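Written out below as structure tokens is the structure these notes cover.
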Amino acid sequence: MVFKKVSRVKIPDATIRRLSLYDRCLEELKKSGNKIVSSSDIARKCGTNPAQIRKDFAYFGEFGVRGVGYYVENLQVDIKMALGIDRPWLCALVGAGNLGFALLGTDSLEKRGFKISAIFEKDPILVEMGSFQDIPLFSMEMMSQVISDLDIHIGLIAVNPDTALKVAHNLIDSGIKGILNFTPATLKVPPGIVLKNVDFAIDLEGIAFQLSNQ
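First residue of the sequence shown: 28, per the numbering used here; consecutive thereafter.
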């Protein structure tokens, strides 16, 4: 593949999400014994169309071999490089409540290269546990030191909405550059900080809209 820098190119969020989907579909195709696939093969598996796949790939260079198709393993490597997940990312989870524990109860994040390396919690009873599933658990006051010591770059916020903004500022002050916000709170962050929001209610409202307009 001829991989090109995209730092000055605005890549649509929808394209980035589709790249993640393509990678998952390729993993399933690989498990089925496929070594070489076409854009049509990927499209059928992912529920999209070949033209969209070729357009998405064009942002990053030439992924396939003309007249041959895509070598599955090579394409996965290229996509991971494009997404920036060809390296591990260390994360900090803030909030050891029900949502936080649910995030820790699955290995899907680590399989995708995101390792939760520290948990921060304000409840002293939970902090006294010392760790959860072998992940060290710290008080909020330890945030800056631990994030610096472990070289953590991404923070996951799973606290009460009324404290989410303060937590975000504390994470940023501690050196965090990327935040995934699981609360419905509206957060404003400085330039240079990557913020993504996960609001289950918005997704459910989207489903309700589609069901109501079938």
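All C-beta atoms, glycine included, are put in the ideal place defined by N, C-alpha and C. All figures in this text were calculated on a predicted structure; none of them were measured in a lab.
Residue environment, residue i, which counts as buried when at least 16 other CB atoms sit within 10 Å
i, result
"G74", "exposed"
"D176", "exposed"
"V186", "buried"
"A191", "buried"
"N78", "Looking at the sequence itself, residue 78 is Ala, so the reference to Asn does not match. Its Cβ having fewer than 16 others within 10 Å, A78 is exposed."
"L130", "buried"
"F236", "exposed"
"D189", "exposed"
As assigned by DSSP and simplified to three states, the class of residue i
i, result
"K107", "helix"
"S166", "strand"
"F87", "coil"
"G122", "coil"
"N101", "helix"
"I233", "First, the residue type needs correcting, since residue 233 is Gly and not Ile in the sequence shown. Note: G233 maps to helix in three-state DSSP."
"V92", "strand"
"G205", "strand"
Span separating the alpha-carbon of residue i from that of residue j
i, j, result
"F128", "V95", "46 Å"
"V92", "I63", "10 Å"
"P39", "I234", "23 Å"
"P122", "Q160", "Reading off the sequence shown, one finds Gly at residue 122, where the question assumed Pro. So the two alpha carbons sit approximately 15 Å from each other."
"F87", "Q103", "13 Å"
"I199", "F147", "14 Å"
"A41", "S135", "21 Å"
"A228", "G124", "19 Å"
"A85", "N61", "23 Å"
"D83", "L48", "12 Å"
"L126", "S67", "38 Å"
"Y97", "I43", "19 Å"
"I174", "L183", "13 Å"
"I179", "R139", "16 Å"
Short Cβ contact (8 Å threshold) for residue i with residue j
i, j, result
"S211", "D226", "Residue 211 is actually Pro in this sequence, not Ser. Yes, the Cβ-Cβ distance between P211 and D226 is below 8 Å."
"N208", "N224", "yes"
"V221", "G205", "yes"
"L46", "V99", "no"
**Prompt:** Is it a yes or a no for the region 151-161 touching the region 214-225, going by three-plus beta-carbon pairs under 8 Å?
**Reply:** no
**Message:** Quick check: the region 114-129 against the region 138-147, are at least 3 beta-carbon pairs closer than 8 Å?
**Reply:** yes
**Message:** Counting beta carbon pairs with one atom in the region 106-115 and one in the region 159-170, are three or more of them shorter than 8 Å?
**Reply:** no
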